[in-house]
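K.L.:
Take this structure, written in structure tokens, and hold onto it; I'll ask about it next.
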Amino acid sequence: MSQKTDMKIPALPSDKRSSFLARFGIWIVAAIVLAGLPYVFSSGLAVSTMCMMGTMIIFALSYNMLLGQTGLLSFGHAVFFGLGGFLTAWAMNAVAGTSSPVPLFLFPIMGGFTGLVFGIIFGAVSTKRSGTAFAMITLGIAELVSSSALILRHFFGGEEGITLDRTDMVQVLGLSFGPQIQVYYLIAVWCLISVAAMYAITCTPFGRICNAVRDNPERVRFIGYNTQTVRFMAFSLSGLFAGIGGGLAAINFEIMNSAQMGVGESGAVILMTYIGGIGNFAGPIIGAIVVTYLQLMLSDVTDVWQLYFGLLFIGMVMYAPRGLAGLLALQQPLLQTRQLHHVAPYYILALLPGLVAISGLSMVIEMTYQLAVKTAAGPAMVFFYIPFNANSPLPWIIAVILFAVGTWLFLRAARLAGDAYSQALAWRKLP
Amino acid sequence: MFEILFISTINGVLYGMLLFLMASGLTVIFSMMGVLNLAHASFYMLGAFFGFEITLHMGFWAGLVFAPLIVAGIGMVVERYGLRHVHRHGHVAELLFTFGLTFVIQEVVEMVWGKLPVDYRVPASLDFSAFTVFATTYPAFKIFALLVSVVIFLALLMVIRRTRIGLIVQAALSHPDMVGMLGHNVDRVFMLVFGVGVALAAVAGVIAGPVLVTQSNMAGLLGPILFVVVVVGGLGSLGGAFVASLLIGLVQTYAVAFNISLADVFGSSPLSGDVAFYLDDLWNVTVAQVAPILPYLLLVLILIFRPRGLMGTNNR
């Protein structure tokens, strides 16, 4: 990580004692929102989607402790998520049926503990290096663990994975955790605790030193810190939280599979965290919500949804390296000076041709897919409720025109929006 | 026994040379631009699929020439319009860009050629047995593949060591600004090096395609091993990459050839009870089954005992 990327860090704790509401208000609001969400989105699908989002928020935030806070790019973070899940599943299966007084809501601790232990083990090896070598080592460890999972069939259950029964625990307060809504509240509580804990870590001196290791490791060494120790601690702690996420995922799905700690899952968390924005604490939360939703929605609409994800990711890396949260953070000064209404029309002006360009591109992708993979279905296809023949040249011409014209107009509108943005900012400084 | 050893050694050297064809491009790109091209194995896969497609229409030899050229073109476009743009966001962004590229290439290949293996065959002119050891015949195509990779390796060495182009490339590695001052277009040198690097991977793909399986998961299978090679050899060291490629090629091929487990050597597991139940897998697993994870074990061992890699110089 170079010094060029000036990350937005949480505001420094001020000297004067802030009021109770100012300090904890945001968390109280978050708790109320989490409690109220199932009443707004009450369908079964919505509740289980929110359960997935909750585990992914923990996972993505734990990943950002590495990538965003400490500048460590890991390609094997799902190892801790998966191992946490597997150990939680085994612990639950060991307790199930016996009358041990361990209620279900304590089991994610097992996941977190597992994550921490393996974080310490793998961290001791991988944090010896930083930068590119660190990334490659985490990739190697991820491959090592996921290949070993297929060899140790008894423990990891081979291809099928191992199942568990979350209702078979001691019931406290009459909570059976059979209905999904009860699992939602379990995940919500753990999510809130983990998010608050991770935020608290960013505010400690340790969190600051992590930022310093990211921005200027040499200087950190000059002031007497061992950068390897800092990396190691960050790595272990992020393993802890990833393990909690994994434990919750095991409870949520009632099955753990070795694919859940593979390279694919590690890739998914990178996508989430980066699309959300690594420079902002809220970024990974936004990323986890948006990407989980898109995954579920897009996989219904198209078979090549992963291609769209790859393109979206590359687009973000190239043009919005601070992610969605970074784009939102850009609007903050406008909001403060009440200038947003001057710029907002330009955003809409840019959005429309952008959508046109995207539809042209996706039309090309879908037509290629229809002709190359779904050959059995023939060239007749439906795109946006419009039926046509993918073999005829007309739809291809239309698609290319849509894409080209849309891109051209988008670039022009984007320039206008950029001008309007800087003008609005300049106007603020004038008086 | 000697027969297995002999055949395994040739196979191991061949596999190692193929790995080195890729690792060399990767290493040169890394030491030049400081970015490890995570999509390198994807370009290898593209090479194999283009080779297959061109073989269908124009024959194998045309594929061997044109597939790497096409891939070099794609690589140069990626460098010119992608990587160079991302460069100002820092190294992590560059790594992530190539990481995203692996996703896109994988999906595009699946979209065009499907998920099943394609029928990429050894050309008829090379489809005979080169020699017979004891009772085993050895296919001529593998010898050809070995020759191609050795020739390219030597040619690369000559170009870098003995020509003016190699001199500029070497200079641009260490002092890019100075080379720019002397009137060379460093950006273009970078672009060409990226193109040549991925073209080498594509050559490996064209000649490995008929021997191994040409399938959309081949990049995912080979990529991680490739990165193990460059880390074990020492990031940025060509000599290290060469040694590590051969080492990993031989280790993996030998492991596949020896199909024995701890149970075969020491008899059935001495443990009993619950411990035996879980360690049973470990006891009965054969060396051949462990072969896929050996490179990663090697990686971890190297990191513990020699963190900078076999021949790495700087502790980047």
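Protein sequence lines, in the order shown, are assigned to chains A and B.
Per the numbering used here, residue 4 is the first one in the first sequence, and the count goes up by one each step.
Per the numbering used here, residue 76 is the first one in the second sequence, and the count goes up by one each step.
For glycine and all other residues, C-beta sits at the position ideal for the given N, C-alpha and C.
DSSP beta-bridge partners for Phe-385/A?
P.N.:
For the record, residue 385/A in the displayed sequence is Val; it is not Phe. According to DSSP, which records beta bridges pairwise, Val-385/A is partnered with Pro-390/A.
K.L.:
Is Leu-385/B close to chain A? Criterion is C-beta to C-beta, closer than 7 Å.
P.N.:
No, its Cβ sits nowhere closer than 7 Å to a Cβ of chain A.
K.L.:
Mind reading off the beta-carbon distance from Gly-290/A to Ala-63/A? Whole number of angstroms is fine, and I expect it under 8 Å.
P.N.:
6 Å
K.L.:
So the alpha helix (DSSP H) Pro-356/A belongs to, where does it begin and stop?
P.N.:
343-375
K.L.:
Taking Cβ-Cβ distances below 8 Å as the criterion, which residues of the stretch 288-313 of chain B are in contact with chain A?
P.N.:
Gly-295, Pro-299, Phe-302, Val-303, Val-305, Val-306, Leu-310
K.L.:
Can you check the stretch 296-323 of chain B for any alpha helix (DSSP H) of at least 4 residues that lies completely inside it and give the ranges in chain order?
P.N.:
none
K.L.:
So, is Lys-190/B buried or exposed, given that buried needs 16 or more other C-beta atoms within 10 angstroms?
P.N.:
exposed
K.L.:
Could you check whether Gly-71/A and Gly-246/A sit closer than 7 Å to each other, using their CB atoms as the reference points?
P.N.:
No; because the gap between Cβ atoms is not below 7 Å, this pair is not in contact.
K.L.:
Name the chain B residues that come within less than 8 Å of Ser-151/A, Cβ to Cβ?
P.N.:
Ile-368
K.L.:
Could you check where the alpha helix (DSSP H) with Thr-232/A kicks off and where it finishes?
P.N.:
230-256
K.L.:
Hey, how far is the Cα of Phe-312/A from the Cα of Met-253/B?
P.N.:
40 Å
K.L.:
If you follow the alpha helix (DSSP H) that Thr-102/B is in, where does it begin and where does it stop?
P.N.:
The continuous alpha helix (DSSP H) containing Thr-102/B extends over residues 77-108.
K.L.:
Can you check which of these residues, Ser-365/A, Gly-88/A, Gly-329/A, is closest to Val-307/A by C-alpha distance?
P.N.:
That would be Ser-365/A, whose Cα lies nearest to the Cα of Val-307/A.
K.L.:
Shorter than 7 Å from the beta carbon of Pro-382/B to some beta carbon of chain A?
P.N.:
yes
K.L.:
If you draw a straight line from the C-alpha of Gly-175/B to the C-alpha of Phe-77/B, how long is it?
P.N.:
46 Å
K.L.:
What three-state label does DSSP hand Met-259/A in the structure shown?
P.N.:
strand
K.L.:
Look up Ile-281/A in the DSSP assignment and say whether it is helix, strand or coil.
P.N.:
coil
K.L.:
Using the rule of at least 16 other Cβ atoms within 10 Å of the residue's Cβ for burial, across every protein chain shown, is Gln-335/A buried or exposed?
P.N.:
exposed
K.L.:
With C-beta atoms as the reference, is Val-121/A less than 7 Å away from Ser-129/A?
P.N.:
The sequence shown places Phe at residue 121/A, not Val. Taking 7 Å as the Cβ cut-off, Phe-121/A and Ser-129/A do not qualify as a contacting pair.
K.L.:
Compute the beta-carbon to beta-carbon distance between Tyr-195/B and Gly-284/B, rounded to the nearest angstrom, for a pair I have assumed lies under 8 Å.
P.N.:
5 Å
K.L.:
Here's a check: name, in chain order, each residue in its chain whose Cβ is nearer than 7 Å to the Cβ of Leu-301/A, leaving out the five neighbours to either side.
P.N.:
Trp-308, Tyr-311
K.L.:
Chain A beta carbons: is any one of them nearer than 7 Å to that of His-160/B?
P.N.:
yes
K.L.:
Mind reading off the beta-carbon distance from Gly-298/B to Ala-116/B? Whole number of angstroms is fine, and I expect it under 8 Å.
P.N.:
3 Å
K.L.:
Under a CB-based cut-off of 7 Å, is Gln-309/A close to chain B?
P.N.:
yes
K.L.:
Within the 7 Å Cβ cut-off, does Thr-371/A reach chain B?
P.N.:
yes
K.L.:
Could you please give me the residues that DSSP links to Phe-225/A through a beta bridge?
P.N.:
The partner list for Phe-225/A (beta bridge, DSSP) is empty, contrary to what the question assumes.
K.L.:
Provide the residue(s) that pair with Ile-165/A in DSSP beta bridges, ordered along the chain.
P.N.:
Partner(s): Met-259/A.
K.L.:
Cβ of Asp-18/A less than 7 Å from any chain B Cβ?
P.N.:
Because the pLDDT at Asp-18/A is just 48, under 50, the model does not fix this residue reliably, and the point stays unresolved.
K.L.:
Do the stretch 316-323 of chain B and the stretch 120-137 of chain B touch if we need at least three Cβ pairs shorter than 8 Å?
P.N.:
no
K.L.:
Show which residues of chain A have a CB atom less than 9 Å away from the CB atom of Leu-176/B.
P.N.:
Gly-313, Ile-317
K.L.:
At least one CB of chain A closer than 7 Å to the CB of Phe-172/B: is that the case?
P.N.:
yes
K.L.:
Evaluate Leu-272/A with the Cβ neighbour count: other Cβ atoms within 10 Å of its Cβ, from every protein chain shown; 16 or more gives buried, anything less gives exposed.
P.N.:
The sequence shown places Val at residue 272/A, rather than the Leu named in the question. With 16 or more neighbouring CB atoms inside 10 Å of its own CB, Val-272/A falls in the buried class.
K.L.:
Would Val-187/B pass as an interface residue toward chain A - the criterion being a Cβ-Cβ separation below 7 Å?
P.N.:
yes
K.L.:
Using 7 Å as the limit for Cβ to Cβ distance, is Tyr-329/B near chain A?
P.N.:
No, because no Cβ of chain A sits closer than 7 Å to the Cβ of Tyr-329/B.
K.L.:
Residues of chain A with CB closer than 9 Å to the CB of Leu-248/B, please, in chain order.
P.N.:
Residues of chain A passing the Cβ test: none, with the nearest at roughly 16 Å.
K.L.:
Within the continuous beta strand (DSSP E) that includes Thr-130/A, where are the two ends?
P.N.:
Run containing Thr-130/A: none; DSSP gives neither H nor E here.
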